[in-house]
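Colleague:
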Amino acid sequence: MMADQKFFQHLQLLVIVLLLSWITNFERSTGMKDVIRCIEKEKEALLKFKDELIDEYSRLSSWGNEKYKKDCCKWSGVDCDYQTNHIVELDLGGMGLRGNVSVSLLEIQYLKYLDLSDNDFNYSRIPQFIGSLGRLQHLDLSYSNFSGEIPHHLGNLSELHSLRLSSSADGSLTSTNLDWLSRLHSIKNLSMFSVNLTMATDWLQIITKLTQLQHLFLGSCNLPMVLPPSPFNASNSLSAFGLWGNEFSSSWIFPLVFNLSSSLTFLDLGSNKLQGEIPISLGNMSRLTSLYLYDNQFTGEVPCPALSSSLTDLDLADDMFNGTISQCIGSLSKLESLYLTLNNFEGIITESHFSNLSQLQWLDLSSNPSISFNISLRWNPPFQLTHLYLVDCKVGPHFPTWLRTQTRLEYLDISNAEISDTFPNWFWEISPKLWRLNVSHNNFQGVLPNLSSKFSNFDSIDLSFNHFNGSLPILPPNGSVVDLSSNEFSGSITNICNETGCYWEYLDLSNNLLSGQLPDYFANLRNLVYLNLAHNNFSGKIPLLNVTLSLHLPNNSFTGEIPTSLRNRTLLTFIDLSQNKLTGNIPTWVGDTWTHLVFLSLRSNEFFGSIPSHLCRLANLQVLDLSLNKISGGIPKCLNNLTAMIQVDSEFDSAFILFNRGGFESAFVTWKGKEAEYINTLNLVKLIDLSSNNLLGDIPTEITSLVTLVGLNLSRNNLSGFLPPNIERLRSLDFLDFSRNHFSGCIPTGVSQLD
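Offset between the sequence shown (1-based) and this note's numbering: plus 1.
Rendered as structure tokens:
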């Protein structure tokens, strides 16, 4: 019996092998593997469509007439029906395409899915012919720089299930009425973020007619508050509702929400003008899992009855809540994310607040400076967090030992948390996934270990404004942001980058006790966008630096001339070389190659020679400080070419914003004889300081064209002649100093008109 069974098994296997061999030979003889499924007419339509696009990133490189590209069903972003071979899906979202949407798409009559989102169609109008693609079930044109009135022809797409027309924040896409939506009887998902619907007074009447609607997002649409239609048809299908950023009032929006749907699971009313207390009736929405009420004007304490036990995401950030955080939040056992940042909460946070939050992954209590933590050193939390933000809370004075249990942390920010302690050794092994760490503005002390092997996945590490000391360790090579400024590190920085190289984009070691010459590896930091070594004691010549945008080297002991290697850094916007021992002439190429420069300070060095007229080509320049040098000659008459000091509404403020730090550039500027650090307002300063040099001649009248100049200091020179008679044109001046020169004649009457 067993022998017969084995015989049949072997026989079955032999038959299968022979069958597969026959199929393979048949395919080779007939060319089945090379069968082209694509319909020629539809292929030609796609090629015409491509001809009107600019494909900078070669995302459509698989599209073509070449022999190996014959089958358009295999092209990138294209999908065909396996039975009919008709193109049914065109997914080009996020490909960075530019140009026009060709009418040739009409040849693809069986198209069900069209995604052109996240491209750039240069503020052209949405083509009306899209409304003739009658089989479309999914249409996504969001964030592709369309503008103008949404064509009502889209209302002809009767089979449409999903429509996404979200616009950029400028509201360039509009719809004066939404009557066309009422014909989309099958629509289930509708997203129109930032579409200007100011005139669409029928919006509420229309959406109540869409009985199949499940997800509705009309955020930042400037929707008018209109009377609900009568009778009001509540929806049993709507589960996700987003009306953020529409300036609605509490008295209008909450009755609407409670009547609109009994089955909401997602509700976003953030960034409106909601006031008072959260209505307790919200707690009756038993299916609600995600509640977003951020950026409103809610006050009082958070009422426990308003919080449904089914909540997984709760965002009450940036409101005006006060009082204590109720311990009832700890009973929301399904909660995964909790945002209470930027409020006025106070009182003590204990273990009881988190007693049943076993699912919690994201916790943000930042910017509630009256909150204090009183957590047992032996506390073992029920959760495993991935993101923790306790900025400006009173977490200290000791390091929170319960963090030792959080082995899944990816982002930790406990900056300005009143911690005075050393870092425990176990912390550096806390989580292999940790990629952003911010413990700045505390009172941490001690020596750092070798960090290169501790944080292999790091993106950002900020240990600034503490009291770490000793030598700098080898730093994480892959992190884009490394900020160790304002500590007590000493010695050289020869060994902070390992042999394999570093890929930092933002490196700030300013305000320490570092010394020695800059090492050669700086030439290999090819990703570096921002470098700040200010207020140390570095010496020697400035080496080759591959810095793209912002270079801060003030208050060191660098010598020699401005290195010609910087001539190749043509995108530099910010250069501060002040308070060093640099010498030589100011190179003429500065004005030819640093054309994006907004801030240039060579103050307090040993530069000599004349001011090159090439500096007048720096049209974006807002701060020029050449004071305290040995510069001679006259003031260039071409200063009126400094366009940024003439324009009332400067286009160049954005150049002061750091590329990924979210703040503004900062620098020390001498203002009214005192050195002050400008941090958040440096973009408002427009200054020329040529004081304490050996300048000769008169003040060129062209300087009075700089009508947005707020500070002008020409004191302590050898200038002579008459003061410009039309100096009153400088109406924006807050500070003017011509003292200690050799001027003659009368003081122009216009001086008294200056503020």
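C-beta atoms are modelled at their ideal positions from N, C-alpha and C, and glycine is treated no differently.
Keep in mind that this is a model prediction, so the values were computed, not measured.
With a cut-off of 8 angstroms on the beta carbons, I'd call K631 and N533 a contact; round off their distance for me.
Modeller: In the sequence shown, residue 631 corresponds to position 630, counting from 1. In the sequence shown, residue 533 corresponds to position 532, counting from 1. No, K631 and N533 are not in contact; Cβ-Cβ is about 27 angstroms, not under 8 angstroms.
Colleague: Let me check understanding here. Comparing Cα to Cα, which of Q518, Y522, I587 lies closest to L554?
Modeller: Looking up residue 554 in the sequence shown gives position 553. The shortest Cα separation from L554 among Q518, Y522, I587 belongs to Q518.
Colleague: What is the DSSP secondary structure of T584, counted as helix, strand or coil?
Modeller: Within the sequence shown, residue 584 is the residue found at index 583, counting from 1. Three-state result, T584: strand.
Colleague: I need the boundaries of the alpha helix (DSSP H) containing N727, first residue and last residue.
Modeller: Stepping through the sequence shown from its first residue, residue 727 is reached at position 726. Counting along the chain, N727 falls outside any alpha helix (DSSP H), and DSSP gives it neither H nor E.
Colleague: Excluding the 5 residues flanking S579 on each side, which residues of the same chain have their C-beta closer than 8 angstroms to its C-beta?
Modeller: Your numbering for residue 579 matches position 578 in the sequence shown. P555, N556, S602, L603, R604, S605, N606, D626, F669, listed in sequence order.
Colleague: Ends of the alpha helix (DSSP H) at L689?
Modeller: Here residue 689 is taken as the residue at index 688 of the sequence shown, counted from 1. Checking the displayed sequence, the identity of residue 689 turns out to be Ile instead of Leu. Run containing I689: none in the alpha helix (DSSP H); it sits in the beta strand (DSSP E), 688-690.
Colleague: Verify whether the separation of the beta carbon atoms of L275 and L292 is less than 7 angstroms.
Modeller: The residue given as residue 275 occupies position 274 in the sequence shown. The residue given as residue 292 occupies position 291 in the sequence shown. No, the Cβ-Cβ distance between L275 and L292 is not below 7 angstroms.
Colleague: Give a yes or no on whether the C-beta atoms belonging to S192 and A170 are separated by under 7 angstroms.
Modeller: On the sequence shown, position 191 is the one that residue 192 refers to. On the sequence shown, position 169 is the one that residue 170 refers to. No, the Cβ-Cβ distance between S192 and A170 is not below 7 angstroms.
Colleague: Excluding sequence positions up to five away, which residues of its chain have a Cβ less than 6 angstroms from the Cβ of M33?
Modeller: For the purposes of this step, residue 33 is identified with residue 32 of the sequence shown, where counting begins at 1. In this prediction, M33 scores a pLDDT of 43, lower than 50, which makes its location untrustworthy; no coordinate-derived value is stated.
Colleague: Please classify G271: does DSSP put it in a helix, a strand, or coil?
Modeller: Here residue 271 is taken as the residue at index 270 of the sequence shown, counted from 1. DSSP places G271 in coil when its eight states are reduced to three.
Colleague: If distances are taken between C-alpha atoms only, which option among A318, N538, G592, I612 comes closest to K582?
Modeller: Indexing the sequence shown from 1 puts residue 582 at position 581. Residue N538 is the option with its Cα nearest to K582.
Colleague: Might you give, ordered along the chain, the residues of its own chain that have their beta carbon closer than 6 angstroms to the beta carbon of E302, omitting 5 neighbours on each side?
Modeller: Numbered from its first residue, the sequence shown carries residue 302 at position 301. Counting only Cβ-Cβ distances below 6 angstroms, and skipping sequence neighbours, we find G324.
Colleague: Tell me, to the nearest whole angstrom, how far the beta carbon of N190 is from that of C222; I am working on the premise that it is less than 8 angstroms.
Modeller: What you label residue 190 is simply residue 189 of the sequence shown in a count that begins at 1. What you label residue 222 is simply residue 221 of the sequence shown in a count that begins at 1. Contact doesn't hold; Cβ gap of about 16 angstroms is too wide.
Colleague: Can you say whether A677 is buried or exposed, counting buried as having 16 or more other CB atoms within 10 angstroms of its CB?
Modeller: Residue numbering aside, residue 677 sits at position 676 when the sequence shown is read from its first letter. By the neighbour-count rule (16 or more Cβ atoms within 10 Å), A677 is not buried but exposed.
Colleague: In terms of residue numbering, what span does the beta strand (DSSP E) encompassing L91 cover?
Modeller: Along the sequence shown, read from residue 1 onward, the residue named residue 91 stands at position 90. Element bounds for L91: 88-92.
Colleague: Does the beta-carbon distance from D72 to I37 come in below 7 angstroms?
Modeller: Position 71 of the sequence shown, counting from 1, holds the residue named residue 72. Position 36 of the sequence shown, counting from 1, holds the residue named residue 37. Yes. Within cutoff.
Colleague: Kindly indicate the opening and closing residues of the beta strand (DSSP E) around L625.
Modeller: On the sequence shown, residue 625 is found 624 positions in, with the first residue counted as 1. Unbroken beta strand (DSSP E) run through L625: 624-626.
Colleague: Using 8 angstroms as the cut-off, can you tell me whether the region 328-341 makes contact with the region 356-368, which would need three or more C-beta pairs spanning the two stretches below that distance?
Modeller: Flag = yes, the region 328-341 and the region 356-368 touch.
Colleague: Assuming the contact rule is C-beta atoms closer than 8 angstroms, S133 and L161 should be a hit. Round their C-beta distance to whole Å, please.
Modeller: As a working note, residue 133 is residue 132 in the sequence shown. As a working note, residue 161 is residue 160 in the sequence shown. Not really, about 13 angstroms apart at Cβ, beyond 8 angstroms.
Colleague: Among all the DSSP beta bridges, which residues are the ones paired with V670?
Modeller: Residue 670 sits at position 669 when you count from the first residue of the sequence shown. Answer by DSSP bridge pairing, in chain order: A677.
Colleague: At a cut of 8 angstroms, does the region 396-404 reach the region 447-466 through at least three beta carbon pairs?
Modeller: No, the region 396-404 is not in contact with the region 447-466.
Colleague: Pick from S371, G397, T408: whose alpha carbon is nearest that of T387?
Modeller: Here residue 387 corresponds to residue number 386 of the sequence shown, with the count starting at 1. Ranking S371, G397, T408 by Cα distance to T387 puts T408 first.
Colleague: Could you tell me which residues DSSP puts in a beta bridge with Y531?
Modeller: Residue 531 sits at position 530 when you count from the first residue of the sequence shown. Y531 is bridged to Y507, S551.
Colleague: Would you mind sorting R741 into buried or exposed? The rule is 16 or more other CB atoms within 10 Å of its CB.
Modeller: Residue mapping note: residue 741 aligns to position 740 of the sequence shown, counting from 1. Classification for R741: exposed.
Colleague: Could you have a look at I748 and say whether DSSP puts it in helix, strand or coil?
Modeller: As a first step, residue 748 must be located in the sequence shown, where it is residue number 747. Three-state DSSP puts I748 in coil, outside helix and strand.
Colleague: Between the C-alpha atoms of N547 and L529, what's the straight-line distance to the nearest angstrom?
Modeller: For the purposes of this step, residue 547 is taken as the residue at position 546 of the sequence shown. For the purposes of this step, residue 529 is taken as the residue at position 528 of the sequence shown. So the two alpha carbons sit approximately 6 angstroms from each other.
Colleague: With a CB to CB cut of under 8 angstroms and the five nearest residues on each side skipped, what residues in its chain are close to P425?
Modeller: Here the question's residue 425 lines up with position 424 in the sequence shown. Closer than 8 angstroms at Cβ, skipping near neighbours: F400, T402, R405.
Colleague: Please work out which residues of its chain come closer than 6 angstroms, Cβ to Cβ, to L691, disregarding the five sequence neighbours upstream and downstream, and give them in chain order.
Modeller: What you label residue 691 is simply residue 690 of the sequence shown in a count that begins at 1. Within the same chain, L691 has close Cβ partners L627, L715.
Colleague: Strictly by DSSP, which residues pair up with R126?
Modeller: Residue mapping note: residue 126 aligns to position 125 of the sequence shown, counting from 1. Paired residues: S148.
Colleague: Out of F299, N297, S310, which one is the CA nearest neighbour of R288?
Modeller: Walking along the sequence shown from the start, residue 288 turns up at place 287. With distances taken between Cα atoms, R288 lies closest to S310.
Colleague: Would you mind working out which of D296, A645, N260, G277 sits nearest L270, comparing C-alpha positions?
Modeller: Here the question's residue 270 lines up with position 269 in the sequence shown. Among D296, A645, N260, G277, the Cα nearest to that of L270 belongs to D296.
Colleague: State the beta-bridge partners of R437 as determined by DSSP.
Modeller: Residue 437 sits at position 436 when you count from the first residue of the sequence shown. Beta-bridge pairing links R437 to Y412, S461.
Colleague: Tell me where the alpha helix (DSSP H) around F50 begins and ends.
Modeller: The count along the sequence shown starts at 1 and reaches residue 50 at position 49. Counting along the chain, the alpha helix (DSSP H) containing F50 begins and ends at 41-52.
Colleague: Just to check my reading of the structure: N123 and G97 have Cβ atoms closer than 8 angstroms, yes? What is that Cβ distance to the nearest angstrom?
Modeller: By 1-based counting over the sequence shown, the position of residue 123 is 122. By 1-based counting over the sequence shown, the position of residue 97 is 96. So it is not a contact: roughly 13 angstroms between Cβ atoms.
Colleague: Would you mind stating whether D484 and D463 have Cβ atoms separated by less than 7 angstroms?
Modeller: As a working note, residue 484 is residue 483 in the sequence shown. As a working note, residue 463 is residue 462 in the sequence shown. Closer than 7 angstroms, so yes.
Colleague: Could you check how far apart the C-beta atoms of L61 and S77 are, in whole angstroms? I think they sit under 8 angstroms.
Modeller: Stepping through the sequence shown from its first residue, residue 61 is reached at position 60. Stepping through the sequence shown from its first residue, residue 77 is reached at position 76. Rounded, the Cβ-Cβ distance is 6 angstroms, consistent with contact.
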